[in-house]
Every structure is written in structure tokens, then in C-alpha cells.
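J.: Protein chains in written order, with this note's numbering: chain E, 6 to 158; chain D, 6 to 158.
Protein chains: 2
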Amino acid sequence: MHVDIKHIQELIKEKDLKVTPQRIGVLEAIYTLRNHPTAEQIIDFIHDKYPSIAIGTVYKTLDTFVKYGVINKVLTEGEVMRYDGVLKHHHHLYNEGNEEIQDYINEELDEMLKTYFEKNAIEGYHISSITLHISGKSINKKSINKKSINQKQ
Amino acid sequence: MHVDIKHIQELIKEKDLKVTPQRIGVLEAIYTLRNHPTAEQIIDFIHDKYPSIAIGTVYKTLDTFVKYGVINKVLTEGEVMRYDGVLKHHHHLYNEGNEEIQDYINEELDEMLKTYFEKNAIEGYHISSITLHISGKSINKKSINKKSINQKQ
DNA sequence: ATTCTTGCAAAGCATTTGCACCCTG
DNA sequence: CAGGGTGCAAATGCTTTGCAAGAAT
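Written out as C-alpha cells, the structure reads:
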């Protein structure tokens with residue numbers, strides 16, 4: 006569950022962004038929190054380690070990261086913004102009842118969809134990516150089985 | 006392109022909601038605008054006909070309609086809220102470049118996905134619905150071919 | 001040294017809320 | 001006429017912005 010700071014620094018450097026404690030903190034928060042954190046959750050997390058970081062800076066950093074493809078925004082029903090550090094293509098499980106969104110990686114399914122749309126193209130439209138939004142319920146109240154769900158990168 | 010007011014009134018009555026001009030106006034706006042309007046677009050539309058309707062009322066009405074299943078919220082990357090009057094199950098095409106979101110109805114695809122997940126259930130998880138979020142580009146700059154895309158209900 | 005980044009506080013803006021009044025059923 | 005719905009305006013709260021000071025390359 007430990008996050009590799011060296012790796013985080015490289016991710017930032019790769020995009021020709023300056024490596025600052027604030028940026029490291031934001032990425033560290035996102036990778037640690039993992040469950041599509043809100044800006045608020047990220048700020049709270051960071052304030053434990055670096056209490057002086059400004060809220061505005063976190064927002065600017067998040068924007069920068071999204072712009073440079075370091076993280077992504079998560080689709081929500083218009084609540085607050087949520088961010089996602091998993092860049093590998095994946096789908097989302099929206100757990101009805103609690104507000105949780107889990108990642109779901111399934112390359113076989115991706116392949117099937119790709120094949121389907123190769124054979125059944127949407128006329129006049131060029132697809133660049135398909136993401137499933139799966140709504141449902143966790144059957145046992147514990148977390149979802151780890152064989153099927155992959156939350157990590 | 007004309008919206009049937011009688012039908013709108015019935016939709017409201019069906020849910021045991023009082024039929025008021027404000028509610029009729031909101032639904033009329035959503036069905037007329039059709040392209041996942043924002044609250045602001047809905048308010049502008051309504052103000053042409055009923056200039057005195059209050060903004061707060063529109064928000065309350067939208068909330069009520071969502072709660073009673075008359076309309077749905079659309080998933081977005083945290084911008085403003087968008088609403089959708091199409092209740093039949095459908096997917097969304099996110100047009101990169103412009104901000105438009107189009108509906109995409111494909112029952113064959115729905116069937117295929119259903120079958121897939123019957124055979125390959127996500128352990129511990131009960132799926133209630135699957136919505137595709139398809140990103141891509143319109144190839145010709147005009148609107149997407151009508152054979153493939155269904156914007157209406 | 002230069003350019004990018006940060007902190008701070010104010011501003012912006014979509015949405016929500018409270019409450020007296022009004023209208024639908 | 002009873003209970004829900006509306007209008008208004010203030011409040012809320014997330015996010016953005018502007019700019020001077022600071023830090024990274």
C-alpha cells in the first residue's frame with residue numbers, strides 16, 4: 006500500500022513539469038486514496054504531511070495534471086469533481102447505495118467491443134475509446150471480490 | 006419537432022406530482038432542447054414563454070423529476086449538470102472537440118453485453134445496468150448519420 | 001537568470017435553502 | 001381547504017482567478 010515517491014517524481018518529470026513538493030503531494034494523495042478522490046479528500050490528505058499547501062494550488066495542480074494526462078477526471082452526476090490516477094483503460098462500477106466507484110479492468114471485454122464496433126461501425130463517427138459505466142450492487146456487504154476487480158494500476 | 010403538452014401532463018400525473026405550469030415548462034424545455042440541456046439552457050428556454058418562473062423553482066423541479074424518475078442526470082466531467090429526458094436505455098457518444106453528447110440506442114449491443122455478463126459475472130456484484138460512454142469524433146463535420154444515431158425517444 | 005509555480009484572498013458562479021404566499025387536487 | 005409547489009433573495013460551497021513572492025531547472 007506504499008506509494009513510490011521516486012516513481013511519482015518521474016511521472017511529473019516525464020511531462021516536463023517542474024517537480025515540486027505540492028505536485029508530489031497531490032499525486033501521492035491520489036495514488037494512496039485510490040478511490041477516485043475529490044479535491045477535498047486530496048487536500049485533507051496532503052494537509053497531514055504539508056499543512057501549509059494552499060487549496061488553490063491543489064486545484065491548479067489537478068488541472069495541470071489532467072491537461073498533461075497524468076490523471077483523469079471521473080464522470081459523475083454533476084457532484085464535485087473526482088480524479089483518477091489509473092491511466093490504463095478501465096471501466097467503472099458505480100455502487101448503488103454507497104457513493105463508491107470502483108475500477109474494473111477487463112481486456113477481453115475491451116477486445117469484444119472493439120471487434121463489435123469494427124463490424125458495426127457507427128456511421129460518420131470515429132470511436133477513440135469506450136468506457137462502461139456499470140451500475141449495480143455489491144452482493145455481500147464487504148468489498149468486491151479481488152479476482153474480478155482491479156483497483157490498482 | 007413539436008412536443009405534446011398532453012403527454013407531458015400525463016407523465017407528471019403518473020408520478021402523483023401536481024401538474025403546474027412550471028413543471029410543464031421544464032419538461033417541455035427538456036424534450037424540445039433534447040441535447041442534454043443544462044439548467045441554464047432550460048431556464049432560458051422557459052423564460053421565453055413564462056418569463057416569471059423562478060430559477061430556484063427550475064432547480065427544484067429538476068431535482069423532483071430526477072427523484073421520481075421522470076428524467077435522468079447525465080454523467081459529465083464535473084462541469085454543470087445536464088439532464089436527459091430519454092428514459093429508454095441508451096448510451097452516450099461524447100463528441101471530442103465540441104461539447105456535444107448524443108444518444109446512441111442499440112438493443113443488439115445491449116443484448117450482447119447482457120449475455121456476456123451472464124457468462125462472465127463480476128463476482129460479488131449484481132449488475133443493474135450498463136451504459137457505454139463512447140468517445141470519438143464526428144467524421145464529417147455535419148451531424149451524425151441518422152440511421153445509426155437515435156436522439157429521439 | 002528565467003520561467004514556472006505557489007500562496008493568499010477575493011471573486012465567480014452553479015446550485016441550494018428558508019419561508020411566506022399561492023395554487024392544484 | 002390541506003398539502004404541496006412557487007418566488008424571491010440570501011446563503012452556500014466548490015472552483016477559479018490575479019498577482020506578488022518564491023522556487024525549480
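Virtual Cβ for every residue (Gly too), placed ideally from N, Cα, C.
1) With a 10 Å radius around its C-beta and 16 neighbouring C-beta atoms as the bar for buried, classify D:Pro42 as buried or exposed.
2) Report buried or exposed for E:Asn125, applying the criterion of at least 16 other Cβ atoms within 10 angstroms of its Cβ.
3) Is the beta carbon of D:Ile35 sitting closer than 8 Å to the one on D:Tyr109?
4) Count the C-beta pairs between the stretch 74–92 of chain D and the stretch 42–52 of chain D that are closer than 8 Å, then say yes if the count reaches three, no if not.
5) Pull up the DSSP beta-bridge partners for D:Ser140, would you.
6) Between D:Glu112 and E:Leu137, what straight-line distance do the alpha-carbon atoms span, to the nearest angstrom?
7) Please identify the residue among E:Asn103, E:Glu19, E:Lys54 and E:Ser57 whose C-alpha is closest to the C-alpha of E:Ile144.
8) For D:Glu128, which option in E:Gly141, E:Gly61 and E:Glu84 has the closest C-alpha, if you only look at C-alpha atoms?
9) Using C-beta distances below 8 Å, list every residue in its chain close to D:Val31, excluding the 5 sequence neighbours before and after it, in chain order.
10) Verify the contact flag: E:Asn100, CB atom, against every heavy atom of the ligand ATP, threshold strictly below 7 Å.
11) With respect to the alpha helix (DSSP H) encompassing D:Tyr121, which residues constitute its N-terminal and C-terminal limits?
12) Would you identify the three-state DSSP class for E:Asp21, choosing helix, strand or coil?
13) Could you pull the DSSP bridge partners for E:Tyr109 from this structure?
14) Keeping to the same chain, check which residues put their C-beta closer than 6 Å to that of E:Val8; ignore five residues upstream and five downstream.
15) Note the first and the last residue of the continuous alpha helix (DSSP H) segment covering E:Asp9.
16) Note down, in chain order, all residues in the stretch 119–135 of chain D with a beta-carbon under 9 Å from any beta-carbon belonging to chain E.
T.: Per the coordinate set shown:
1) With 16 or more other Cβ atoms inside 10 Å of its own Cβ, D:Pro42 counts as buried.
2) Around the CB of E:Asn125, fewer than 16 other CB atoms lie within 10 Å, so the residue is classed as exposed.
3) Not in contact: D:Ile35 and D:Tyr109 (Cβ atoms no closer than 8 Å).
4) Yes, since at least three Cβ pairs between the stretch 74–92 of chain D and the stretch 42–52 of chain D fall closer than 8 Å, the two stretches touch.
5) Per DSSP, E:Ser134 and D:Tyr99.
6) Looking at the two C-alpha atoms, the distance is approximately 16 Å.
7) With distances taken between CA atoms, E:Ile144 lies nearest to E:Asn103 out of E:Asn103, E:Glu19, E:Lys54 and E:Ser57.
8) The residue with the shortest Cα to Cα distance from D:Glu128 is E:Gly141.
9) Sequence-distant partners of D:Val31 (beyond 5 residues in either direction) whose C-beta falls short of 8 Å from its own C-beta, in its chain, are Ile47, Ile51, Val63, Thr66, Leu67 and Phe70.
10) Although the ligand ATP was asked about, the structure shown includes no ligands whatsoever.
11) Residues Glu112 to Lys124.
12) It is coil, neither helix nor strand.
13) Answer by DSSP bridge pairing, in chain order: E:His96.
14) Closer than 6 Å at Cβ, skipping near neighbours: Glu33, Tyr36 and Thr37.
15) Taken as a continuous stretch (DSSP letters only), E:Asp9 belongs to no alpha helix (DSSP H), as it is neither H nor E.
16) Close to chain E, meaning a Cβ-Cβ distance shorter than 9 Å, are the following residues of the stretch 119–135 of chain D: Tyr121, Phe122, Asn125, Ala126, Ile127, Glu128, Gly129, Tyr130, His131, Ile132, Ser133, Ser134 and Ile135.
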